[in-house]
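Residue 1 is where the sequence shown starts when you use my numbering, and the numbers rise one by one after that. In this text, a Cβ means the ideal position worked out from N, Cα and C, and glycines have one as well.
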Amino acid sequence: MLSRSLTLVCLSTLLPASALAQSTQSSFWGSSADLRVGTSMDEVGDINGDGYIDMVVGAPCPSGTGRIYFVSGKYLETGVGGSTLGSTFAGGAGGLFGSSVLSVGDVSGDGIADVVVTADISTFPTTSKAYLVSGASKTVLGTLNETGLSTYQFGVARCGDVNGDGYTDFAIQKTSFGVGYVELISARGIALGASNPVLASITSPGSADGFGTGLSAGDFDGDGKPEIVVGAPGTSKVYVFRGTTHTLLRTLSGPGASRFGQSLDATRDVDGDGRKDLVVGAPNSDAGATDGGEAMLFNGKRIATNSPPFDDASWPCTQASAHFGTAVCFTSDMNTDLVTDIVVGAPDYDSVFLSNGRVFLYSGETSHLLGTLSGAVGGEHLGASVSRASDFNGDYRTEIAAGAPLSNHGATDGGLVRFVDLFPALPSTYCVAKVNSLGCTPAISSSGSASLTSSSSFLVKASNVINNKAGLLIYAFAPGAAPLQGSTLCLSAPIKRYGAQISTGNPPPNDCSGKLSVDFNVLIQSGTVNALNLAGQQVFAQYWSRDPAAVAGSSLTNALAFVVNP
C-alpha cells in the first residue's frame with residue numbers, strides 16, 4: 001500500500017465555486033450529434049508552418065464514422081482564420097476511430113509530425129486497428145491490424161526510440177483471448193509498410209485486468225531508455241517494466257477497488273533530479289469520499305532504486321462520485337516557476353448535482369492547488385480527458401487542454417475541448433484556525449487579486465480576532481501543517497513577516513470584534529522581496545495575533561493560498 005508524505009484534498013465544498021476559477025483561452029467543439037470531440041487530444045507541433053503550435057483532437061463518434069481534427073494553434077491563440085487545418089475520417093461506422101491520438105513526430109520523412117490514432121471495431125469477428133496519419137496530407141499512411149479475438153484498445157504512449165532507428169516508437173494496449181499485452185511498435189515501420197512493425201511485447205503479470213488502460217513511458221533509472229509504465233485498473237496496480245529488457249522492475253498497488261492506474265503520466269521530471277516522475281489517477285478511490293477519486297505523485301528515481309516511500313504527494317477528493325483522477329497529465333509549467341505542474345480531471349464533479357466536471361491544476365513545486373476550471377453547464381463532464389498543450393497566447397506560460405466529450409455546446413454529445421490559461425488565479429483558504437479564548441474562530445479572507453501591475457488593492461484580512469491587540473501577517477512560499485502554540489502553523493520555513501498592526505474593533509473589554517488588514521500588492525510591487533517579482537509565484541499567508549487568555553497567549557487564523565498574477 002501507499003504511504004503519503006504530503007496529502008492535500010482536491011478542491012471541494014471547502015471553497016466557493018468561484019474560487020481559483022481559471023480562464024478559457026479558447027474552445028473547439030463538435031457541431032454534430034454524438035461526435036464526442038475531446039475524447040482524446042495531443043499537441044502535434046506546427047504542421048502548417050505559421051509559427052503556432054497546433055493540436056490534434058479525436059472524435060470517435062460511436063454512432064457514425066470517427067474522425068480526428070487538426071486544430072489551428074493560430075485560431076486557438078488569436079481567433080483568426082479557420083479553426084481546423086484538416087480532418088481525417090477512417091474506421092467506418094462504429095469503428096471509434098479517434099478514441100486515442102498520439103503525435104509521434106515526423107516518421108514519414110516529410111518534415112511534418114505524424115499521428116497515431118486508435119480504433120476498435122467491435123463487430124464479430126473483431127478487427128482492431130491503429131492508424132498512422134500524415135500531419136501534412138491528413139491521409140492514412142499505414143495501419144497496424146489485429147483480427148479475430150485480439151483487439152488494440154485505447155491506451156497508447158510514446159516510448160522513445162526502442163530500435164535505435166532515430167524515430168519515435170510507441171506503445172499500445174492489446175487484449176488477446178483474455179490476456180493483456182502492451183506492444184512496442186515502430187511508427188517508422190508502419191510508414192514504410194513493414195509486414196511486422198512490432199518491436200516487443202509485454203505480457204500482463206495477471207489477467208487482462210485492463211492492462212494498458214493507463215500507459216506511459218519515462219526514464220526512471222537514468223540509462224537513457226524509458227521504462228514502460230502500465231496501469232491495470234481492474235486490479236488497481238501499476239507495473240513498471242525496464243526500458244532495456246522490458247522485464248518487470250516494480251509493482252505499485254493502490255486500494256483494492258480504486259481503479260488505481262486508469263490514468264497515468266511518466267513523461268516529466270518534477271523534482272529536478274534528472275529522472276522522470278509518475279502521476280497516477282485512481283478515480284474510484286474512497287480516500288476522501290466514496291468514489292471521490294484520488295491522484296498520486298511518485299518519485300521515479302526511488303521507484304527505480306526500490307527506495308520507499310515511492311510517493312511524494314496525494315490528492316484525495318472529498319466529493320463523492322466525482323471520479324477525480326479519471327484523467328491525469330503533467331504539463332511543462334503553468335505558473336512560470338520553471339517546475340512541471342500536474343493536471344487532474346474529475347468529469348463527474350458536480351455543481352448542484354449536474355456533473356459539470358472540473359479540472360484541477362496543481363503546483364509541482366509545492367503540490368498545492370494552483371486553480372480549477374469548471375464545466376460550463378450540467379452534463380458537460382469536463383475533465384474526462386486532459387492533455388499537455390502549448391503557449392497559445394504568447395505569454396510564456398503553458399496552457400492545457402481539457403476535454404468534455406459529452407458536452408452539448410454545439411450539438412447533443414458533440415463534445416468540446418477547452419484550452420485553459422492559469423491566469424487570472426484567485427485566492428483560496430486552507431488549513432484549520434485555532435479557536436480563541438472567547439470561543440471565536442479567527443478567519444483569514446481576501447478581496448481583490450494579487451498582481452505585479454494592477455493599481456487595485458489586494459487586501460488580506462483577518463476577522464474574529466481579539467480587539468485592540470497586536471497582530472501581523474506571516475507568509476511563506478510553501479504550505480505546512482506544524483503544531484504551534486496549541487494551533488497549526490500552516491506555512492513552511494522560511495517564514496516572513498509583513499504588516500504588524502493593532503487590531504480594530506470595539507473598545508475594551510475583550511471581544512471578537514477585532515480585524516486586521518494589509519494590502520499585499522503594496523509589498524509585491526515594492527520590489528523589496530525578489531521572490532514576489534514573478535508572475536505565477538505561489539504565496540501562503542496566515543495571521544498571528546495576541547490572545548492573552550489563550551495557551552501561549554496567541555491565536556492563529558486559517559491560511560490563504562494565492563498566486564501572483566501578471
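On the three-state DSSP scale, how would you describe residue i?
i              : result
glutamate 77   : helix
leucine 523    : helix
isoleucine 53  : coil
asparagine 145 : strand
alanine 552    : helix
arginine 302   : helix
asparagine 530 : helix
arginine 614   : What the structure shows of the chain is the stretch from 1 to 566, and residue 614 is not part of that stretch, so it cannot be assessed.
arginine 546   : strand
alanine 191    : helix
isoleucine 502 : strand
asparagine 356 : coil
arginine 497   : strand
arginine 36    : coil
leucine 20     : For leucine 20, the predicted structure reports a pLDDT of 47, less than 50, and the residue's modelled location is therefore unreliable. A value from the coordinates is still provided. Coil.
leucine 422    : coil
glycine 97     : Looking at the sequence shown, residue 97 is not glycine but phenylalanine. Phenylalanine 97 falls in the coil class under three-state DSSP.
cysteine 490   : strand
alanine 322    : coil
threonine 151  : strand
valine 435     : coil
threonine 372  : strand
isoleucine 474 : strand
asparagine 558 : strand
Between which two residues does the beta strand (DSSP E) containing residue i stretch?
i              : result
isoleucine 185 : 179 to 185
alanine 401    : 400 to 404
leucine 264    : 263 to 265
threonine 251  : 248 to 253
serine 216     : 214 to 218
cysteine 329   : 327 to 331
glutamate 43   : 40 to 45
proline 176    : The question names proline, yet the displayed sequence has serine at residue 176. Element bounds for serine 176: 170 to 176.
aspartate 271  : Segment: none, aspartate 271 is in no beta strand (DSSP E) and carries neither H nor E.
glycine 655    : Outside the shown range of the chain (1 to 566) lies residue 655, about which nothing can therefore be said.
proline 427    : That residue, proline 427, is in no beta strand (DSSP E); it is neither H nor E in DSSP.
alanine 346    : 341 to 346
alanine 462    : 459 to 465
proline 483    : 479 to 484
serine 385     : 385 to 388
For the candidate residues the options, whose alpha-carbon lies nearest to that of residue i?
i                 : options                        : result
glycine 486       : Val179, Ser554, Phe154         : Ser554
alanine 282       : Thr213, Asn335, Arg302, Asp273 : Thr213
glycine 274       : Val551, Ser31, Gly222          : Gly222
glycine 243       : Arg250, Thr251, Ser236, Ile228 : Ile228
threonine 336     : Val564, Phe260, Val156, Asp312 : Val564
phenylalanine 220 : Leu199, Gly300, Gly256         : Gly300
isoleucine 495    : Asn510, Ser513, Ala476         : Ala476
serine 176        : Arg67, Ser201, Gly193, Ile190  : Ser201
glycine 206       : Arg188, Tyr181, Ile185         : Tyr181
leucine 249       : Gly345, Thr305, Gly499, Pro62  : Thr305
tyrosine 498      : Gly471, Ala481, Gln319, Leu382 : Gly471
serine 137        : Ser87, Gly375, Leu184, Val328  : Ser87
leucine 416       : Gly371, Gly357, Ala450         : Gly357
threonine 267     : Asp311, Pro316, Ala217         : Ala217
valine 104        : Ala327, Phe540, Ala93, Gly135  : Gly135
So what does residue i bridge to, in DSSP terms?
i                : result
cysteine 512     : BP columns for cysteine 512 are empty, so no partner.
glutamine 538    : Val563
threonine 203    : Tyr181
threonine 88     : Ile68
methionine 296   : Val280, Ser314
phenylalanine 28 : Val417
glycine 448      : In the DSSP output, where bridge partners are listed per residue, glycine 448 has none listed.
aspartate 114    : Gly105
serine 517       : Lys461
Query raised in the report: Using 8 Å as the threshold, is the region 135 to 146 in touch with the region 162 to 171, meaning 3 or more CB pairs across them?
Result: No: fewer than three Cβ pairs fall under 8 Å.
**Report entry** Stretch-stretch touch, CB-based, cutoff 8 Å, three pairs: the region 77 to 85 with the region 107 to 117
**Finding:** Result no; under three Cβ-Cβ pairs closer than 8 Å.
Query raised in the report: Counting Cβ pairs closer than 8 Å, one from the region 61 to 78 and one from the region 26 to 33, do we hit at least three?
Result: As far as the Cβ criterion goes, the region 61 to 78 touches the region 26 to 33, which means the pair count is three or higher.
Query raised in the report: Are there three or more Cβ pairs, one per stretch, closer than 8 Å when the region 338 to 351 is compared with the region 360 to 368?
Result: A contact is defined here as three or more CB-CB pairs under 8 Å, and the region 338 to 351 meets this definition with respect to the region 360 to 368.
Query raised in the report: Pairing CB atoms from the region 403 to 421 with CB atoms from the region 531 to 540, are three or more of them under 8 Å?
Result: With the cut-off at 8 Å, the region 403 to 421 and the region 531 to 540 do not touch.
Query raised in the report: Between the region 428 to 444 and the region 554 to 566, do three or more beta carbon pairs fall short of 8 Å?
Result: The answer is yes - the region 554 to 566 touches the region 428 to 444, with three or more Cβ pairs under 8 Å.
Requested in this report: Spell out a yes or no on whether the region 415 to 422 and the region 485 to 504 are touching, meaning 3 or more CB-CB pairs, one atom from each, closer than 8 Å.
Outcome: Verdict: no, contact absent.
Query raised in the report: Does the region 481 to 496 come within contact of the region 464 to 472, defined as at least 3 CB pairs closer than 8 Å?
Result: Of all C-beta pairs linking the region 481 to 496 to the region 464 to 472, fewer than three are shorter than 8 Å, placing the two stretches out of contact.
Query raised in the report: So, do the region 249 to 268 and the region 231 to 240 have three or more beta carbon pairs nearer to each other than 8 Å?
Result: They touch, by the three-pair rule.
Requested in this report: Spell out a yes or no on whether the region 323 to 331 and the region 518 to 531 are touching, meaning 3 or more CB-CB pairs, one atom from each, closer than 8 Å.
Outcome: Taking 8 Å as the limit for Cβ pairs, the verdict is that the region 518 to 531 does not touch the region 323 to 331.
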